[in-house]
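Note that numbering that gives the first Met the number 0 numbers the sequence shown so that position 181 is 180, with each residue one more than the last.
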Amino acid sequence: MSTTRYSGIGGQAVLEGIMMKNQDVYSVGVRKPDGEIEVHLSTYEGIGNKRLKRLPIVRGVISFVDSLVLGMKCLTFSASFYDEEETQPSKADQLIDKLFGEKAEKVVMDLTVAFSIVMAVAIFMVLPYFAAALLRRVIVSDTLLALIEGGIRLLLFIGYILLISRMKDIQRVFQYHGAEHKCINCVEHGLELNVENVRGSSKEHKRCGTSFMLIVMIVSIIFFIFIRVESPILRVVFRIALVPVIAGVSYEFIRLAGRSENKLVLALSRPGMWMQGLTTREPDDDMIEVAIAAVEAVFDWRTWQGREPLEKEAETVDEAEEAQLQAGDMEELLEEDEEASAETFDGEPKEVEEVLEEKA
C-alpha cells in the first residue's frame, strides 16, 4: 500500500452510525431503523479562539474537551432515531427546562461532559494513587510506587474496555469504529473511496482516541516518576492539576504520529494500535456505506487525491464509450467492404474461365 498522507479528517462512532469532522464542519451518518442512511451536516467551532488552538499543549486540552462535547452531541442525535417510545419528562427535566429554557439541552450536555471528566479523573488518576499508596509501608522506592500506580491505571483502563465490549450495542459501535478507521485509511492511502477498497483497508489508525488514552496513561507514569512531593494531599492535587498538561502532551504525540512516517514514531505508536484491537471490530458493508456517506459530506476526497471530479469523470467515461461505439461501427463498415470486395473478386475469375471455355 502507498505511503500515508495526512488528510486532517477525524471521526467517532455513534449509535448505528459515524460522525466525521473536517475542521469546523462535521457530519453524522446514521443507518435508520427503516434501512435508509440519514446524514446531518453542521458546524462546530468549539471552545477557545484560533490563537489558542495553535498553541502546543493548550490546543490538546481544547481538542480533548471539544471532542467530548461534540461526541456527546452526536451520540444524542444518533440515539434519537432509536427511541422506542416517548417517555414523560422527569421532575428534574422539568426543573431544568423551567430554569434554563431554550438553553436547557446545552446545560445538560455541559453538565454531562463535566461529570464524565470528573469521574474519569477520579477512577483513572486518583484511585490508582490510593491503591498504590497502600503499599507505601512495604515499598520505599517512589519510582517503583509510581510504576505500580501506572500499572494499576492501565489495568483499570483495559478492564473497563473489556467490560463494556461485552455489551451488544457497544460491539456494534466498535464495528462502526472500525468502519471509520477503514474509510480514513482508504482515503489517506490514495485509494478510491468505495465499499470494496474500504473493506480491504486497515481498521487501525494512529490518530485514534484509544491510542490517545493509552498515551495519556504512559505519559502520566513518566510525569509522576519525576514530579514528587512529600505531602500526600499535594500528591493528589498534583495528579488532578496535571491532567490537562498530560492530555496536552499526549495530544502532541498523537498529532505527530498522524503526520509522520518516522520509524521511531511508528514504533512508539504500535502499542496504541494494538489497543485498538479491543475497541474496533470488522464492519459489514452496510456500516461501510454509512461511513462513506459521512466522509463525503464533509471532505472532497477526489479533489484532495488529485482525481477528476465525479461529473467530469462520468463525461470521460461517456466519451470513451461513444468512441468505442464509433470504432465498432467503423469496424463493421470495413468488414462489409471486405465482404463486398471478396464477392467481386470471387466473381471475376468465374467470368474469365467462362470466356476461355467459349473461345476453346
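For each residue, glycine too, the CB sits at the ideal point set by N, CA and C.
**Close Cβ partners of A246 (< 8 Å) along its chain, the five nearest in sequence each way excluded** = G59, V60, F63, V215
**Asked** Can we say the region 172–183 touches the region 261–281, given the rule of at least three CB pairs closer than 8 Å?
**Response** yes
**Prompt:** Relative to the alpha-carbon of D33, which residue among W273, E15, I163, V264 has its alpha-carbon at the smallest distance?
**Reply:** E15
**Asked** Would you call R4 buried or exposed, if buried means 16 or more other Cβ atoms sit within 10 Å of its Cβ?
**Response** exposed
**Asked** Under the three-state reduction of DSSP, which class applies to Q304: helix, strand or coil?
**Response** helix
**Item:** Neighbourhood of T209 by C-beta, 6 Å cutoff - its chain only, sequence neighbours within 5 removed
**Value:** M274, Q275, T278
**Cβ-based neighbour list, L153, same chain, cut-off 6 Å, excluding 5 preceding and 5 following** = M216
**Asked** So does the region 191–203 actually touch the region 287–298, counting three or more Cβ pairs closer than 8 Å?
**Response** yes
**Message:** Need the endpoints of the alpha helix (DSSP H) that Y175 sits in, please.
**Reply:** 167–187
**Message:** Does I17 come out as helix, strand or coil in the three-state DSSP assignment?
**Reply:** strand
**Prompt:** Rounded to a whole number of angstroms, what is the C-alpha to C-alpha distance between I17 and M124?
**Reply:** 30 Å
**Asked** In terms of residue numbering, what span does the alpha helix (DSSP H) encompassing R269 cover?
**Response** 262–278
**Item:** Inter-residue spacing [alpha-carbon to alpha-carbon] between G9 and V139
**Value:** 45 Å
**Message:** Give me the residue from R135, K72, K49 with the minimum Cα distance to P231.
**Reply:** R135
**Asked** For the candidate residues T75, E191, S79, A145, whose alpha-carbon lies nearest to that of W300?
**Response** E191
**Own chain, CB closer than 6 Å to E37, minus 5 neighbours either side, in chain order** = V29, K31
**Prompt:** With DSSP run on the structure shown, which of helix, strand or coil describes I160?
**Reply:** helix
**Asked** Bridge partners of T42, per DSSP?
**Response** V24
**Request:** Excluding the 5 residues preceding and the 5 following N193 in the sequence, name in chain order all residues of the same chain whose CB lies nearer than 8 Å to its CB.
**Result:** I291
**Item:** Helix, strand or coil at R254 according to DSSP, with G and I counted as helix
**Value:** helix
**Asked** Do you know offhand how far L143's Cα is from L255's?
**Response** 30 Å
**Request:** State the start and end residues of the unbroken alpha helix (DSSP H) segment that holds N196.
**Result:** 194–198
**Asked** Can V248 and V218 be called in contact, C-beta distance under 7 Å?
**Response** yes
**Item:** Distance, Y25 Cα to T42 Cα
**Value:** 6 Å
**Helix, strand or coil at R152 [DSSP, three-state]** = helix
**Item:** V137 to A131 span [Cα, whole Å]
**Value:** 11 Å
**Message:** Our contact map puts H188 next to K202 with C-beta atoms below 8 Å; I'd like the distance itself, whole angstroms only.
**Reply:** Their Cβ separation, rounded to whole angstroms, is 13 Å, which puts H188 and K202 out of contact at 8 Å.
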